[in-house]
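Residue numbers (UniProt numbering): 1 to 420.
Glycine residues also receive a C-beta, built at the ideal position from the N, C-alpha and C atoms.
These numbers come from a predicted model, not from an experiment.
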Amino acid sequence: MKREDITYMGAGPAALPTDVLAQAAEALQNYEQTGLGIAEHSHRSELATNILNTTKANLAGFLDVPSNYEILMMQGGGSGQFDATVYNIVSAWVEKQRQKILKERGEISEEDLVKELRKKVESELRLDYLVTGSWSLKASQEAIRLLGPEYINIASDARKFNNGKFGKIADESTWTLSPKPSMVYMCDNETVDGVEYPNFPKVLEPSESENDPFVVGDFSSNILSRRIPVQNYSVVFFGAQKNLGCAGVTGIIIRKDLLVSCPPLILRKLGLPVAPAVLDYCVTAKNNSLYNTLPMFDVYLAGQVLKKLLATFPDKVNGQQAEAQRKAEMIYAALDAYPEVFQVVPDKSVRSRMNICFRVIKGGNIDEAEKNFLKGAVERGLTGLKGHRSVGGIRASNYNAIPISGAEKLVAYLKEYAQA
Ligand SMILES: Cc1ncc(COP(=O)(O)O)c(C=O)c1O
Numbered sequence: 001m002k003r004e005d006i007t008y009m010g011a012g013p014a015a016l017p018t019d020v021l022a023q024a025a026e027a028l029q030n031y032e033q034t035g036l037g038i039a040e041h042s043h044r045s046e047l048a049t050n051i052l053n054t055t056k057a058n059l060a061g062f063l064d065v066p067s068n069y070e071i072l073m074m075q076g077g078g079s080g081q082f083d084a085t086v087y088n089i090v091s092a093w094v095e096k097q098r099q100k101i102l103k104e105r106g107e108i109s110e111e112d113l114v115k116e117l118r119k120k121v122e123s124e125l126r127l128d129y130l131v132t133g134s135w136s137l138k139a140s141q142e143a144i145r146l147l148g149p150e151y152i153n154i155a156s157d158a159r160k161f162n163n164g165k166f167g168k169i170a171d172e173s174t175w176t177l178s179p180k181p182s183m184v185y186m187c188d189n190e191t192v193d194g195v196e197y198p199n200f201p202k203v204l205e206p207s208e209s210e211n212d213p214f215v216v217g218d219f220s221s222n223i224l225s226r227r228i229p230v231q232n233y234s235v236v237f238f239g240a241q242k243n244l245g246c247a248g249v250t251g252i253i254i255r256k257d258l259l260v261s262c263p264p265l266i267l268r269k270l271g272l273p274v275a276p277a278v279l280d281y282c283v284t285a286k287n288n289s290l291y292n293t294l295p296m297f298d299v300y301l302a303g304q305v306l307k308k309l310l311a312t313f314p315d316k317v318n319g320q321q322a323e324a325q326r327k328a329e330m331i332y333a334a335l336d337a338y339p340e341v342f343q344v345v346p347d348k349s350v351r352s353r354m355n356i357c358f359r360v361i362k363g364g365n366i367d368e369a370e371k372n373f374l375k376g377a378v379e380r381g382l383t384g385l386k387g388h389r390s391v392g393g394i395r396a397s398n399y400n401a402i403p404i405s406g407a408e409k410l411v412a413y414l415k416e417y418a419q420a
């Protein structure tokens, strides 16, 4: 099988541009005529620092990241960030309260300080989760595991509004946010369920009050495909392995005022968890993401993808967004044209542009129809279309590396299958 014969629509790891991979293969053996490959050079060399800083600058440039944000590169994937966000936001929130008490009270013994903090923590520390699919569900479960259910509020569970299944985002008026949430967590694109927020939620728009929650967004499966209102978030994170590069490096865009942490001794006295150093945003920022050995090949690859995107789209992410939209519209239109053959899973209002989830209902026996559909797809070089094992069905992942011609190839097959 040749690479050019395949349109791979797997949900991640995803396909990467062939020219970027060809160049990376060379860099793996001999990076810029240094006689040594990129994975062999020291992560503390000038050459590695240049790669890291260029990748960060290109990411900031492509997404128009405001200057009061810092970019971090970490390991541990999106799942690592389920933990990192909890540890770091709890610590930053407690530190904010600690500073407030110190300012108001001036001299205070550590014992009294801890007593006051404990009261605050018990009455006000609340992490709110908007559960709109399998990944935000998993993040909320991890938060409960780390902190305890008393601190976690599921402000919305989309399944309650859609017959027990994911596929809708409930109206904001139904969300039960805490009175003063410390954090609100959302997943902008739910990879398994094909649900994407059409817009940033109105109720979370910053009010510039000191009570604004820290808003966290998981963009693992739609980063670089849409404009992000970065200033509305405290933290945006994404594993690289879908639109940015290969698995192994995770990007974090963090507002700089969040780069504060509470002394571990105080957190321990409050019974709250202390971040492991490798998941600590402050430690990572202080060391320009080089606290420990960063996988420089992964950073290099992400940098090359960004370089190509910047060269392809003069209006940066807006250009890529328009292309993603065009491809998604084309595929959904083909599915909608044959309602007796295909059934799109999520509600029309929240259809993901990245992960297009549908069922094949032709003939009534769904299992049989989907088996046949997938078999025919593979014969035509369309691979990776099987839905996530937890939900079944078909999922076409329309990431950035899928060219328009790839989307057209899928559309042609959808029509051919429907008309057969
Ligand atoms: C939206 C989203 N968040 C988090 C994750 C978990 O990422 P990882 O496998 O890098 O831990 C995934 C994985 O596919 C994802 O799609």
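Is the separation between the beta-carbon of residue i and that of residue j shorter than 7 Å?
i, j, result
"Ser289", "Ser91", "no"
"Lys308", "Phe62", "no"
"Gly384", "Tyr8", "yes"
"Leu52", "Val341", "no"
"Gln343", "Ile361", "yes"
"Met354", "Asn199", "no"
"Phe237", "Gln81", "yes"
"Val184", "Pro213", "yes"
"Ala401", "Ala15", "yes"
"Arg126", "Asn153", "yes"
"Val274", "Leu267", "yes"
"Ala170", "Ser156", "yes"
"Lys348", "Ala407", "no"
"Met186", "Leu130", "yes"
"Asp128", "Leu204", "no"
"Lys242", "Tyr399", "yes"
"Lys180", "Asn222", "no"
Say yes only if the C-beta of residue i is nearer than 6 Å to one or more non-hydrogen atoms of ligand 1, and no if none qualify.
i, result
"Ser220", "yes"
"Cys187", "yes"
"Ser136", "no"
"Thr132", "no"
"residue 500", "Only positions 1 to 420 of the chain appear in this structure, which leaves residue 500 out of reach."
"Thr383", "no"
"Thr85", "no"
"Thr191", "yes"
"Gly248", "no"
"Gly239", "yes"
"Gly12", "yes"
Between which two residues does the beta strand (DSSP E) holding residue i run?
i, result
"Phe166", "It is not in any beta strand (DSSP E) - Phe166 carries neither H nor E in the DSSP assignment."
"Asp157", "152 to 157"
"Arg255", "250 to 255"
"Gln343", "342 to 344"
"Leu130", "127 to 131"
"Cys187", "183 to 187"
"Glu70", "69 to 74"
What is the C-beta distance between residue i and residue j, in whole angstroms, given that I count them as a contact (C-beta under 8 Å)?
i, j, result
"Ala158", "Asp218", "At roughly 15 Å, the Cβ-Cβ gap does not stay under 8 Å, so Ala158 and Asp218 are not in contact."
"Ile38", "Phe297", "5 Å"
"residue 443", "Ala302", "With the chain covering 1 to 420 only, the question about residue 443 has no answer from this structure."
"Val350", "Glu196", "6 Å"
"Met74", "Thr284", "6 Å"
"Leu147", "Val86", "6 Å"
"residue 424", "Leu306", "Beyond the ends of the chain as shown, which are 1 and 420, falls residue 424; an answer cannot be given."
"Leu382", "Tyr413", "6 Å"
"Gly78", "Ser220", "4 Å"
The alpha helix (DSSP H) spanning residue i covers which residue range?
i, result
"Glu142", "134 to 147"
"Ala396", "Looking at the DSSP string, Ala396 is not in any alpha helix (DSSP H); the run it does join, the beta strand (DSSP E), is 394 to 397."
"Arg351", "Neither: Arg351 is in no alpha helix (DSSP H) and is coded neither H nor E."
"Met330", "317 to 336"
"Leu385", "Careful: Leu385 lies outside any alpha helix (DSSP H) and carries neither H nor E."
"Met296", "296 to 312"
"Gly80", "77 to 105"
"Asp193", "Careful: Asp193 lies outside any alpha helix (DSSP H) and carries neither H nor E."
Consider the C-beta atom of residue i and the heavy atoms of ligand 2; say whether any pair is separated by less than 6 Å.
i, result
"Ser134", "This structure simply doesn't include ligand 2; it includes ligand 1 instead."
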